[in-house]
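Engineer: Starting off with a structure, shown below.
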Amino acid sequence: MKGKPVIFDHPLIQHKLTFVRDKNTDTKEFRELISEIAALMCYEATRDLPLMDTEVTTPVGPAKTKILAGKKLAIVPILRAGLGMVDGILRMIPAARVGHIGLYRDHETHLPVEYYCKLPSDISERDVFVLDPMLATGGSAVDAITMIKEKGAKNIYYLCIIAAPEGLEMLGKAHPDVQVYCAALDEKLNENKYIVPGLGDAGDRIFGTK
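The sequence shown begins at 0 in numbering that gives the first Met the number 0 and counts up by one.
And the structure:
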């Protein structure tokens, strides 16, 4: 089992999260903030990636430096809201491969329904970061990670911006080997399975839909 969920308290993340929550934040700014928060979370979540020694020549002379130790990375957003986190993370890890998992929540049952899955062919050889701004019931996260494991991936991390206790509990029970990172742990889910206080529907706010 990996460690307890990591709640980032970095001042920049918390500052930007305030404006993400604000209902008066427009689509353009919301989209930009989600991307920026994702980049900052990626910076924190990858601090334990292994390094190896190398040497380069500067304009002044040779320098002993460090590079990532050949680690292959993949990011897998859960469609559609997870797409809002992709660009921010690719700015930090431009060589990462990108997969996509399509799940939507049935408004009657509140259960996830799969409609798309496309992953890198070598996903089993990569550390995988699953992306979704909101961890509400946990159903979509559990199903997405199950699908990724079925393709052979072993080292999986889950990045969300806001989590509900119910979602963390479900994900932890189903996949105790997956490390979870989030920017905020909120109070609860309401009767419609939305996170309270949350930020509303992340997909609608990212893409300007209702």
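Backbone N, C-alpha and C fix where the C-beta goes; we use that ideal spot for every residue, glycine too. Note that the structure is a prediction, hence the values are computed from the model and not measured.
(1) Who are the near neighbours of ALA201 in its chain, counting only those whose CB is closer than 6 Å to its CB and skipping five residues on each side?
(2) Would the beta-carbon of VAL129 fall within 8 Å of that of ILE88?
(3) Roughly how many angstroms separate the alpha carbons of MET0 and LYS172, rounded to a whole number?
(4) Buried or exposed for ASP47, going by 16 or more other Cβ atoms inside 10 Å?
(5) Using CA atoms only, rank isn't needed, just tell me which of ARG204, ILE194, HIS99 and GLU107 is closest to LEU184.
(6) Are the CB atoms of MET91 and GLY42 within a distance shorter than 8 Å?
(7) Could you tell me which uninterrupted alpha helix (DSSP H) segments, each at least 4 residues in length, are contained entirely in the region 65–92, listed from first to last along the chain?
(8) Tell me where the beta strand (DSSP E) around GLY101 begins and ends.
(9) So, with DSSP's three-state summary, where would you put LEU210?
(10) Tell me, to the nearest whole angstrom, how far the beta carbon of PRO4 is from that of CYS116; I am working on the premise that it is less than 8 Å.
(11) Return helix, strand or coil for GLU165, following the three-state DSSP convention.
(12) Could you name the residues of the same chain whose beta carbon sits closer than 8 Å to that of SER123, not counting the 5 residues immediately before and after it, in chain order?
Structural biologist: Working from what's here:
(1) Excluding positions up to five away in sequence, the list reads ALA80, PRO132 and MET133.
(2) No Cβ-Cβ contact shorter than 8 Å links VAL129 with ILE88.
(3) No answer about MET0 holds up, because its pLDDT of 47 lies below 50 and its placement is not dependable.
(4) So ASP47 ends up on the exposed side.
(5) It is ILE194 whose Cα lies nearest to the Cα of LEU184.
(6) Note on identity: in this sequence residue 42 is Tyr, with Gly being the wrong assignment. Yes; because the gap between Cβ atoms is below 8 Å, this pair is in contact.
(7) Here the runs fully enclosed are 85–91.
(8) Run containing GLY101: 99–104, per the beta strand (DSSP E) assignment.
(9) Summary: the structure shown does not reach residue 210, with the chain confined to residues 0 through 209, and so no result is reported for it.
(10) Contact between PRO4 and CYS116 does not hold, since their C-beta atoms are separated by about 25 Å, which reaches or exceeds 8 Å.
(11) DSSP places GLU165 in helix when its eight states are reduced to three.
(12) Setting aside the 5 residues that flank it on each side, SER123 is surrounded in the same chain by LYS150, GLY151, ALA152 and LYS153, each with a C-beta closer than 8 Å to its C-beta; the list follows chain order.
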